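Residue numbers (my numbering): 34 to 327. For glycine and all other residues, C-beta sits at the position ideal for the given N, C-alpha and C. These numbers were taken from a predicted model, which means no experiment stands behind them.
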Ligand code: SAM
């Protein structure tokens, strides 16, 4: 005999002994889902990367739940304590500072601990800065690599940048505003100045901005302006060749195709002409005339 299907209420009922990964807004409070509100209201306790931030969110929603902190520097002690409570039958919602827990935050370690103990983990999906930026970038989305934050220590950073050189798919990087210039400099030195990039800033907030340009265009802008707010960098994939070979390959294309390459990467027509002219070693006015005469 077939079982009666679960009703929506049954499916949404909070299960004891379960960890809920609850995505929270990355800027716009209206992006919080109805289900997220229900789970946050009904779980036994909330584990938050930043209890002040999550506390503010809960108080905006008129929700009051017991809260514990769970962040990079206490995860070793706090993780097993949360697991004990889950094994004792309590339900827990895990919230990161913003966005989807377990993406560039210690949530992944807690999920691994739960998996080891066969504790059920489920997701209340929602915003993730990486995916929001990728979809807005104008760069290819069919295949991509999430790189998170580049390492800060020189050796690991060098190794990671070298690995990016071979990357042929679109890359997603997180960066803090005060490190943006240094990272753009490293990307220019490793992937070349003409690599297409979209700087996705303050996503879902009042000052949201998508700046589609090349690495050199981004460097030029931030020479005269201090980077402000939160950024995701979406970097076009290469052809897996040394940058000099890639530049030479593009410069060998017919002029219109060369310009089209940069337009397809998200640059405006004029910026695409400028980028292609630089690689061809010719004045941009000349290339403009060439591609605009039949
Ligand atoms: N778990 C989060 C997620 O799902 O997106 C990411 C956490 S990571 C610690 C924080 C980084 O995400 C920031 O440094 C920034 O690069 C990016 N980020 C978060 N919110 C953003 C926003 N509104 N606009 C642009 N980037 C954002």
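First and last residue of the beta strand (DSSP E) that includes residue i?
i	result
residue 243	242-247
residue 267	264-268
residue 30	No information on residue 30 is available, as it lies outside the stretch 34 to 327 that the chain covers here.
Out of curiosity, what's the CA-to-CA distance linking residue i and residue j?
i	j	result
residue 145	residue 132	19 Å
residue 158	residue 54	8 Å
residue 125	residue 177	32 Å
residue 235	residue 79	26 Å
residue 70	residue 302	45 Å
residue 95	residue 245	40 Å
residue 91	residue 240	24 Å
residue 60	residue 192	33 Å
residue 64	residue 212	28 Å
residue 108	residue 161	22 Å
residue 291	residue 263	32 Å
residue 189	residue 174	27 Å
residue 294	residue 237	29 Å
residue 210	residue 187	19 Å
residue 66	residue 100	20 Å
residue 315	residue 322	12 Å
residue 324	residue 196	36 Å
residue 45	residue 155	11 Å
residue 58	residue 117	29 Å
residue 280	residue 255	24 Å
residue 248	residue 277	15 Å
residue 242	residue 85	27 Å
residue 286	residue 182	35 Å
Go to residue i, then tell me how far its alpha helix (DSSP H) extends in each direction, as first and last residue.
i	result
residue 196	187-198
residue 70	67-75
residue 218	213-224
residue 86	84-93
residue 306	302-313
residue 107	That residue, residue 107, is in no alpha helix (DSSP H); it is neither H nor E in DSSP.
residue 150	First-last for residue 150: undefined, no H or E at that position.
residue 168	162-169
residue 317	317-325
For a quick check, are the C-beta atoms of residue i and residue j less than 8 Å apart?
i	j	result
residue 152	residue 180	no
residue 93	residue 166	no
residue 76	residue 115	no
residue 129	residue 140	yes
residue 73	residue 111	no
residue 198	residue 223	yes
residue 306	residue 317	yes
residue 361	residue 284	Nothing can be reported for residue 361: it is not among the residues displayed for the chain, which extend from 34 to 327.
residue 214	residue 260	yes
residue 320	residue 309	yes
residue 267	residue 251	no
residue 271	residue 200	yes
residue 89	residue 120	no
residue 203	residue 269	yes
residue 265	residue 163	yes
residue 104	residue 127	no
When burial is assigned at 16 or more other CB atoms within 10 Å of the CB, is residue i buried or exposed?
i	result
residue 147	buried
residue 49	exposed
residue 82	buried
residue 227	buried
residue 220	buried
residue 225	buried
residue 143	buried
residue 257	exposed
residue 170	buried
residue 208	buried
residue 52	buried
residue 326	exposed
residue 172	buried
residue 87	buried
residue 282	exposed
Tell me the DSSP bridge mates of residue i?
i	result
residue 53	126 and 155
residue 203	177
residue 208	264
residue 15	Limits of the chain in this structure are 34 at one end and 327 at the other, which puts residue 15 out of reach.
residue 299	Paired residue(s): none; residue 299 is not in a bridge.
residue 132	57
For residue i and chain B, any beta-carbon pair shorter than 8 Å?
i	result
residue 76	The displayed structure is made up of one protein chain only, and chain B is not part of it.
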